[in-house]
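These notes are about the structure you will find just below.
2 protein chains.
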Amino acid sequence: MTALWVIVLCGALSIVYAIWATSSVLSADQGNARMQEIAAAVREGAQAYLKRQYMTIAAVGIAIFALLAYFLGVLVAIGFAIGAVLSGAAGFIGMNVSVRANVRTAQAATTSLAGGLELAFKAGAITGLLVAGLALLGVTLYFIYLIHFAGLDANSRTVIDALVALGFGASLISIFARLGGGIFTKGADVGGDMVGKVEAGIPEDDPRNPATIADNVGDNVGDCAGMAADLFETYAVTAVATMVLAAIFFGMADKAQLQSIMTLPLAIGGICILTSIIGTFFVKLGASQSIMGALYKGLIATGVLSLFGVAGAIYWLVGFGPLPGVSYTGLALFECGVVGLAVTGLIIWITEYYTGTDYRPVKTIAAASVTGHGTNVIQGLAISMEATALPAIVIIAGILVTYSLAGLFGIAIATTTMLALAGMIVALDAFGPVTDNAGGIAEMAGLPKEVRKSTDALDAVGNTTKAVTKGYAIGSAGLGALVLFAAYNEDLKFFIANSAQNTYFQGVQPDFSLSNPYVTVGLLFGGLLPYLFGAMGMMAVGRAASAIVEEVRRQFREKPGIMKGTEKPDYGKAVDLLTKAAIKEMIIPSLLPVLSPIFVYFAIYFIAGGGAAGKSAAFSAVGAMLLGVIVTGLFVAISMTSGGGAWDNAKKYIEDGHHGGKGSDAHKAAVTGDTVGDPYKDTAGPAVNPMIKITNIVALLLLAILAHN
Amino acid sequence: MTALWVIVLCGALSIVYAIWATSSVLSADQGNARMQEIAAAVREGAQAYLKRQYMTIAAVGIAIFALLAYFLGVLVAIGFAIGAVLSGAAGFIGMNVSVRANVRTAQAATTSLAGGLELAFKAGAITGLLVAGLALLGVTLYFIYLIHFAGLDANSRTVIDALVALGFGASLISIFARLGGGIFTKGADVGGDMVGKVEAGIPEDDPRNPATIADNVGDNVGDCAGMAADLFETYAVTAVATMVLAAIFFGMADKAQLQSIMTLPLAIGGICILTSIIGTFFVKLGASQSIMGALYKGLIATGVLSLFGVAGAIYWLVGFGPLPGVSYTGLALFECGVVGLAVTGLIIWITEYYTGTDYRPVKTIAAASVTGHGTNVIQGLAISMEATALPAIVIIAGILVTYSLAGLFGIAIATTTMLALAGMIVALDAFGPVTDNAGGIAEMAGLPKEVRKSTDALDAVGNTTKAVTKGYAIGSAGLGALVLFAAYNEDLKFFIANSAQNTYFQGVQPDFSLSNPYVTVGLLFGGLLPYLFGAMGMMAVGRAASAIVEEVRRQFREKPGIMKGTEKPDYGKAVDLLTKAAIKEMIIPSLLPVLSPIFVYFAIYFIAGGGAAGKSAAFSAVGAMLLGVIVTGLFVAISMTSGGGAWDNAKKYIEDGHHGGKGSDAHKAAVTGDTVGDPYKDTAGPAVNPMIKITNIVALLLLAILAHN
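This is the structure in structure tokens:
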């Protein structure tokens, strides 16, 4: 019990940090009236969007809450609500800080690059630590309530179901936020660029473009709130799934031992919040003035400290010796944690290789732009596909090593450790929209060129960190989903073994062998989900962008003074239009992964003739479907996020003066590639993460519901 | 035995048809001297390319022949040689007819559309029937030799290994031909278009473009020879895998019964050659002048007749009653055959929906072109991803229905029936390059506009049939690969059951359950292969196209008379350059699927600690890898081929006068999409088919080699 309260303390520290950092950000200079006016427009737009998004999700959430309460009891439904509310809160608070930090970062950049960096990073760190801290607090406090105050056994079904439901709540927010935010931000970006840059020939963030405020709003609702919800979800879901596995694997241990082992993933999360907070203080611009170097200093400090922290947590809770009822030791679990950290480092490094301007991939895309739009896109697509190979191999190696060290639980501990760094990693990501906005505000407010140079330098790094954290997000999501799949599998075994109580499972004999055609069918059906989902996301962006193009053209036509600078564009109209489009477009694709496991289960149940045989076939197909989603989802998501990042930076590389620089034909081709990469990397690709996990977690809940009734 | 000789007779009929049709094509008018000169240049280029390609493959082939002879004996190595030589022959003869039919089709089109259609289709039918006929004859005659003259048991390992090696020979040719031909044709097409259409502003097939002959050569080596090798392979491999499954499932039946059942897939192939030949005579331009209608008449006639033919073949060989040692009847096998025909029909229909100008997908891409290059590509990518859903669902339904009818053997029979139509389907496909070339020749020779209108009409239909047959090719490849996977699985079981003789397999206990991490690892590794392979193919096209762009620019610069029409471009240089590039680029990607199963086997063997446990882990991982390749390969290939077709026709739709027509900004954006779609649909996408199967067949051979030594 002490351990749990210590973990709560760690989680609370993240909130203390957030409060301190927020007051520090808010006390900074807000710049001149023009800057404040622009920032206010962005802030209002972002708040209005998020309000509508959350209201829409709430409608779906309330229905699901009622269903869960009916099928699985109030405690489980409350778990769902906790996950959903806290995930929403992390995104909401983070975004509110972000829309206040942007203008202050622009102002700070008028004095020094270091000042701008400090402010922007601090704003990012607030979101990052709130994501990790709120997720940890939510899971830990509800776990304490359930086992201590409600008096339930740590491995009782209600506790497990309630924790899984908590993960589901987070997942639901996550998929809506990722997709809605992604459609908003890329609809604005693509639409605004096409009509502004390409047609009207005005630069990005030019105040004459009616879509420019919407573009800045998008950065916040997509990159900040969307990413926060995404990693909150992966964090919570992985912690929960690891706890579920612990409950199953160590169910035979005595009560205190079991509770210690179940607490382990939370303890790893807790200690890593401390190391993340310490790491933030290492982010300081050195003599080399390398912004990326400053950020990496923080990340490396966190990583190295976490190595010791995780060792300490494991040693304290379960010791390094043999564990009860299994063939591996506590030391092996620590080694798995090290593997998790190594996987994180490698994936970050690989993603930077594929998306950074210093390496072959981006350079070849830039070079291919010289021969035209077509070759730029061909090379970009080729790179996007190639970019999947090394991360997949790293994940494969991680699975092999951790499994040989400590079986399935080893994989789970490695993933937990990987995700424990989420606080620091999200900080790097949430830094991006702040600097992006700061650049936009500097441009629109007509600040001097040198300021724009500082904000551009910050923005360029923001692009890299956004790409890198996406690599981390999908890598961890893939591993997290594998842990969830293991939980499904073990849960199913548990219900079958206890089919005297769980009568639904009597006579059920799932066959997960690849030679079972129901497994093949499940794999194929699961495999198609990311494709269909990705297609829907891309099309939604296309439609939203087209609507923006029409709207901007209309404003240019009806208000000829806009281009001359004598008339103000109606920014609010574009924001409003995108808000409606994003909310409308996010619903159907988001429901796809929620309903698919249920559909597949009952479809196969009936096709296979019902009864125990039908159930066996259906459970096998659903299990295979979960793995099918992971297999294609991993490749679809990595190829989209890395490919999009590479396209973006190939454009930047040309803008830096290569292949003819800005305005050359190569640049035009690179802009096309960047446009294509936008929905790839910021809408469809990252939304695949929560979609993979939501399919898995719905399957877990389906098991619980079938067992319960 | 009688049955086998009757099947040989059917196969021989395809050759009789080919001889008759060839002489009929060759007797047609070759047009004027200018046309003959152009056609001769295309012919020489195509022959020179194919010669070099086959010489390169021969070098690899001889090495593999020696390895197989050493490891598995001469009979097996001869099987490999038969598969390779016949597959090469089908492509070689088909292409040689194609490069002679092109100019004659152009000439016939000067008189009537019907005349052009007849000639072009006859040329396609020669390739189609040779593909089916030679594949059938190769398998059947070698089977007769082995069981009759060499006196081996039908289900002896040598017979099975020799047949599998025959499939492998075909696969090897296929992957090289698909990839090499694909790189050649799209390097020429993309490069030529970019510098000709976009930079110099001259139309496609303009004789002033130095890449134009290379483009026409490419149609023949890629679309004709490449597709022929691809379907030869799928046909042979599926027939062989079905025979292997029959040998395993009905191994307990008496010798005559076993032989009858093993002959069944060949009999289905034989009867469908007859129905395909009859079908070709139904291809006649009706009063509506609908070319597509004429082609579909032939296809439908073949399909309907095959229904009766397959019923007859099954009734004759095994009867409609219960089969020995299994729980299903001959009638159920017939029902599986009907499912195979239905799957063929549905996939063709779905592909036409996604790539035809009359339906939503192509229209939305055309509409998205109005707002620019970026939105065209975004919508195209979205459609390409969406296009995977329905074919996947059809395949899933096919698996579920046939499995419930007759287990794994039912899936195999359905796939065999699907492929038995290959003769007719390849005819539709090989029709494409002939009409494409005819259009090119008409343009270059300056034939009157009305002629070009006829050849354009034929060419447009050729685009659709090419897309449709690609859908069929990948659908059948996916199902064929599943049959191969089943063969791997059953073969492995067989060796383990007989580990007294096959001592390598003593103590081996593969665990194909999804909960085995080696299975997860195998799935992920298999999943990455199509991505890596696709990336390599795309990049190869990019490089080849860039080389062509440079070469064409050089010629324009050094010979200013070319553009004025006073100087002749050096066509041969472009052909030569592409030949070298394609041959060089095809080797490494082609070896990827060949070496991967071997690499994974030994890597996992050592990682899992060697011994029986290492073998068990390695066999599980390799099996999962095979399925992983199928799962992502199916989606990658369908999305690429359908997406590419949709982009192509979106451009055509705009050229037909929509959204501003030729020369408009929308058209320029559509040209970009078409360029991106080129390597998608003609290089990387279709080459995934043989790569899926080659991984599977190498795994089968690996089993044989391990068992043998």
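Those protein sequence lines, which keep their order, are chains A and B.
So for the first sequence, full-length UniProt numbering puts the first residue at 1; every next one is plus one.
So for the second sequence, full-length UniProt numbering puts the first residue at 1; every next one is plus one.
From the three backbone atoms N, C-alpha and C, an ideal C-beta is built for every residue, glycine too.
Query, Result
"Residues of its chain near G439 (chain B), where Cβ-Cβ distance is below 8 Å and the 5 sequence neighbours each way are ignored", "A106, D205, R452, T455, D456, L458 and D459"
"Element boundaries [alpha helix (DSSP H), containing M194 (chain B)]", "Unbroken run through M194 (chain B): none, as it is neither H nor E."
"Cβ-based burial, P597 (chain A) [other Cβ within 10 Å; buried from 16]", "buried"
"Chain A residues whose Cβ lies nearer than 8 Å to that of P679 (chain B)", "I378"
"Residue range of the unbroken alpha helix (DSSP H) whose run includes T110 (chain B)", "V74 to T111"
"Cβ contact check for the stretch 376-391 of chain A and the stretch 529-542 of chain B: 3 or more pairs under 8 Å", "yes"
"Chain B contact for T597 (chain A) (CB, 7 Å cutoff)", "Before going on, a small fix: residue 597 (chain A) reads as Pro here, not Thr. Output row for P597 (chain A): interface = no."
"For H658 (chain A) and G663 (chain B), the rounded distance between their alpha carbons", "30 Å"
"F143 (chain B) versus V97 (chain B) - alpha carbon distance", "30 Å"
"Terminal residues of the alpha helix (DSSP H) in which Y328 (chain A) lies", "Unbroken run through Y328 (chain A): none, as it is neither H nor E."
"For S513 (chain B), the three-state DSSP class (helix, strand or coil)", "strand"
"Neighbour list for V221 (chain A) in chain B, Cβ cutoff strictly below 8 Å", "The contacting residues do not exist; V221 (chain A) stays about 20 Å from chain B at best."
"Close beta carbons around A109 (chain A), own chain, < 6 Å, minus the five adjacent residues each side", "G116, V451, S454 and T455"
"Under 9 Å (Cβ pairs) to chain A, residues found in the stretch 651-674 of chain B", "K668, A669, V671, T672, G673 and D674"
"Own chain, CB closer than 6 Å to D358 (chain A), minus 5 neighbours either side, in chain order", "none"
"Interface flag, Y403 (chain B) vs chain A, CB-CB below 7 Å", "yes"
"Residues from the stretch 542-554 of chain A in contact with chain B, defined by Cβ distance under 7 Å", "G542, A545, S546 and V549"
"For A287 (chain A) and I694 (chain A), the rounded distance between their alpha carbons", "45 Å"
"Cβ pair count under 8 Å reaching 3, the stretch 467-487 of chain B against the stretch 621-633 of chain B", "yes"
"Neighbouring residues, chain B, relative to I213 (chain A) (Cβ below 8 Å)", "Neighbours of I213 (chain A) on chain B: none; closest Cβ ~21 Å, over 8 Å."
"Cβ of T415 (chain A) within 7 Å of any chain B Cβ", "no"
"Cutoff 6 Å; reference P361 (chain A); Cβ partners in own chain excluding five residues on either side", "Y354, I383 and A646"
"Exposure label - V560 (chain A); buried when at least 16 CB within 10 Å", "The question names Val, but residue 560 (chain A) is Pro in the sequence shown. When all chains shown are included, P560 (chain A) counts as exposed."
"Alpha-carbon to alpha-carbon, I173 (chain B) and P593 (chain B)", "13 Å"
"Chain B within 7 Å of S513 (chain A), Cβ atoms only", "yes"
"Own chain partners of L479 (chain B) with C-beta closer than 6 Å, once the 5 adjacent residues on each side are dropped", "T415"
"Where P322 (chain B) sits in the DSSP three-state scheme", "strand"
"Q289 (chain B) (DSSP reduced to helix, strand or coil)", "coil"
"A389 (chain A) beta carbon less than 7 Å from that of L528 (chain B)", "yes"
"Nearest candidate by alpha-carbon position, reference I562 (chain A), set A:T212, A:S87 and A:T2", "A:T212"
"Selected residue, minimal CA-CA separation from F556 (chain B), among B:D678, B:D215, B:A707 and B:A574", "B:A574"
"Own chain, CB closer than 7 Å to I202 (chain B), minus 5 neighbours either side, in chain order", "G196, R208 and N209"
"I583 (chain A) at chain B interface by Cβ criterion, 7 Å", "no"
"Heavy atom of the ligand SAH within 6 Å of G286 (chain B) beta-carbon", "The model depicted lacks the ligand SAH and carries no ligand whatsoever."
"Own chain residues within Cβ distance below 7 Å of residue 782 (chain B), not counting five before or after", "Summary: the structure shown does not reach residue 782 (chain B), with chain B confined to residues 1 through 709, and so no result is reported for it."
"Residue interval of the alpha helix (DSSP H) (run including E233 (chain B))", "M227 to F249"
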